[in-house]
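Chains A and B supply the protein sequences, listed in that same order.
Final position of the first sequence in my numbering is 280; the numbers increase by one with none missing.
Final position of the second sequence in my numbering is 280; the numbers increase by one with none missing.
Ideal placement from N, C-alpha and C gives every residue a C-beta, glycine not left out.
Each remark here refers to the structure printed beneath this line.
Number of protein chains: 2
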Amino acid sequence: MPLHTDRTFEEQLGHLRASILEMGGLVEDQIAQAIRALIGRDEALARATIERDHTVNRLDVEIDDLCIKILALRQPAARDLRLITTALKVTTDLERIGDLAAHIAERALEIMAEPDLKPYIDIPRMADQARDMVHRALDAFVREDAELALAVCAADDAIDQLHAQLFRELLSFMAEEPRTIRQAMPLLFVSKALERIADHATNIAEMVIFLVRGRSIRHLDTLPRTL
Amino acid sequence: MPLHTDRTFEEQLGHLRASILEMGGLVEDQIAQAIRALIGRDEALARATIERDHTVNRLDVEIDDLCIKILALRQPAARDLRLITTALKVTTDLERIGDLAAHIAERALEIMAEPDLKPYIDIPRMADQARDMVHRALDAFVREDAELALAVCAADDAIDQLHAQLFRELLSFMAEEPRTIRQAMPLLFVSKALERIADHATNIAEMVIFLVRGRSIRHLDTLPRTL
């Protein structure tokens, strides 16, 4: 039986946790940048956000390698094993969040080519909430905190509602003024991307709950009130 | 060191491969059903497709458990280890494909409430191609066939183009006839969902190439001609 209590193993897990937080910090910044580029009509910032996706992708490959190395060399059991299989899945969600931030920056470039449709109120609010969910989901992961993870899952509804509301609003805009379609459509995709970012944060949080409690809430129709 | 050549281990891997093919078969059927429901304006079939997502989700949890059991009991090394970490990621993509099929069925229900916008030509073609990509990506996974996986990656462009073409067409419809927005928007989301299904199939294929060749093509801008 390999020892799981030696310092080097703990150090490796610490390195894994730090790398995931680093990747998380990058995608959080990427979301914030994409939204700043959109609102400030900042073409250079939008392009820098798209470019930055390479760094996120590099970390994705590195963390996967780290997970596989730990599995191969340490052959961890029980909870440690689940921690690493969860990390493998968390990187996939983070990588997709990075893709969505780049997607928002691309839409921002399209929107810049047209006059502003209306002042941005809901989009920055949704972006803040989505970033906060990503941040807390990763906090929950590194601290293995199921209660925090459950709070992240519960926050998803608010973003879904904001998206639904903005969607209806943009649909009315387009129906009344067909010439607004070229601005409204990319804005609608920005809203959808933020909603999907929140979904990925929720996926991460659900996996944390599974990791800590050994209970899957992934495919329940309603959230449990307590765990 | 645990033995990796005994029959039981091979049997477990065989069971894992079979379960992934089963899950793949389910989501392929789910895609086909969702499109049949859309085209045939079949409300019962659309609802059955949404309901079916539970079976896909159950398999997702079961396969993850199987992977973790094999990792814990067998402590596989090298290629076998990568096969299992890849399987853990493949189930995530399959689960999301199932979600997207259910999403298509939900849009089909919305579309049924309105008169037909135009005959369906591109959507069934895209759906066939997307299903075929999912099927071949999983074939490539169980056979560990990198050439087949590369062909799946190469097929993604055709779907992206069909989606872009349909997107432009629906945008013109909406601009010319704002009253068509209520039919055109859900149709646009169906097209987008099919494009995302193809992206998930591509993700799976990229992971297969990485598994077999140890080379990541995930984040390259252009595909290599040969491996």
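Query                                                                                                                       : Result
CB of L136(A) within 8 angstroms of CB of L264(A), strictly                                                                 : yes
Min CB distance T255(B) to chain A below 8 angstroms                                                                        : no
Whether A183(B) touches A251(B) by CB criterion (8 angstroms)                                                               : yes
Run of the alpha helix (DSSP H) containing A166(B), from where it starts to where it stops                                  : Unbroken run through A166(B): none, as it is neither H nor E.
Short CB-CB distance (under 8 angstroms) between K142(A) and chain B                                                        : yes
Buried versus exposed call for E148(A) [16 or more other C-beta atoms within 10 Å across all chains shown]                  : buried
Chain B within 8 angstroms of R135(A), Cβ atoms only                                                                        : yes
A101(B) at chain A interface by Cβ criterion, 8 angstroms                                                                   : no
Cutoff 8 angstroms: T145(A) Cβ touching any chain B Cβ                                                                      : yes
M145(A), buried or exposed, once every other Cβ within 10 Å from all chains shown has been counted against 16               : For the record, residue 145(A) in the displayed sequence is Thr; it is not Met. When all chains shown are included, T145(A) counts as buried.
Meets three-Cβ-pair contact criterion under 8 angstroms: the stretch 80-97 of chain B and the stretch 78-91 of chain A      : no
Alpha helix (DSSP H) segments (min. 4 residues) lying fully within the stretch 71-144 of chain B                            : 96-127
Nearest-angstrom Cβ-Cβ length linking G77(B) and V187(B), presumed shorter than 8 angstroms                                 : 6 angstroms
Partners in chain A for A228(B), counting only beta-carbon separations shorter than 9 angstroms                             : M227, P231, R232, I234 and R235
Whole-Å CB distance - T34(A) paired with A154(A), under 8 angstroms assumed                                                 : With chain A represented from 54 up to 280, any question about residue 34(A) goes unanswered, as that position is not in the structure.
R160(B) versus A193(B): straight-line alpha-carbon distance, rounded                                                        : 31 angstroms
Reduced DSSP category for L56(B) - H, G, I as helix; E, B as strand; rest coil                                              : Any reading at L56(B) needs caution, since the residue's pLDDT is 43, under 50, leaving its predicted position unreliable; the model's value is listed next. Note: L56(B) maps to coil in three-state DSSP.
The alpha helix (DSSP H) enclosing P239(A), as first and last residue numbers                                               : I234 to R266
When V243(B), T139(B) and V80(B) are compared against V261(B), the one with the closest alpha-carbon                        : T139(B)
Start-to-end residues for the alpha helix (DSSP H) that takes in E200(A)                                                    : A199 to E229
First and last residue of the uninterrupted alpha helix (DSSP H) at P177(A)                                                 : D175 to R196
Cβ neighbours of N110(B) in the same chain (closer than 8 angstroms, five flanking residues each side left out)             : E148 and G151
Per-residue contacts from I121(A) into chain B (C-beta, under 7 angstroms)                                                  : L134, R135 and T138
Residues from the stretch 60-92 of chain A in contact with chain B, defined by Cβ distance under 9 angstroms                : none
is_contact[A130(B), chain A] using C-beta, thresh 8 angstroms                                                               : yes
CB contact below 8 angstroms: M238(B) versus chain A                                                                        : yes
Beta-carbon gap between L74(A) and L191(A) smaller than 8 angstroms                                                         : yes
Whole-angstrom distance between A158(A) and F62(A), CA atom to CA atom                                                      : 40 angstroms
Close-in-space but distant-in-sequence residues of the same chain around A211(B) (CB under 7 angstroms, 5 per side omitted) : Q182
Cross-chain neighbours of L215(A) in chain B, by beta carbon under 8 angstroms                                              : Within 8 angstroms Cβ-Cβ: nothing; L215(A) doesn't reach chain B, min ~18 angstroms.
Of the residues F226(A), R105(A), Q83(A) and Q128(A), the one placed nearest A246(A), counting alpha carbons only           : Q83(A)
The stretch 229-240 of chain A in contact with the stretch 224-243 of chain B per 3-pair CB rule at 8 angstroms             : yes
Local Cβ density within 10 Å of I164(B), reported as buried at 16 or more and exposed below that                            : buried
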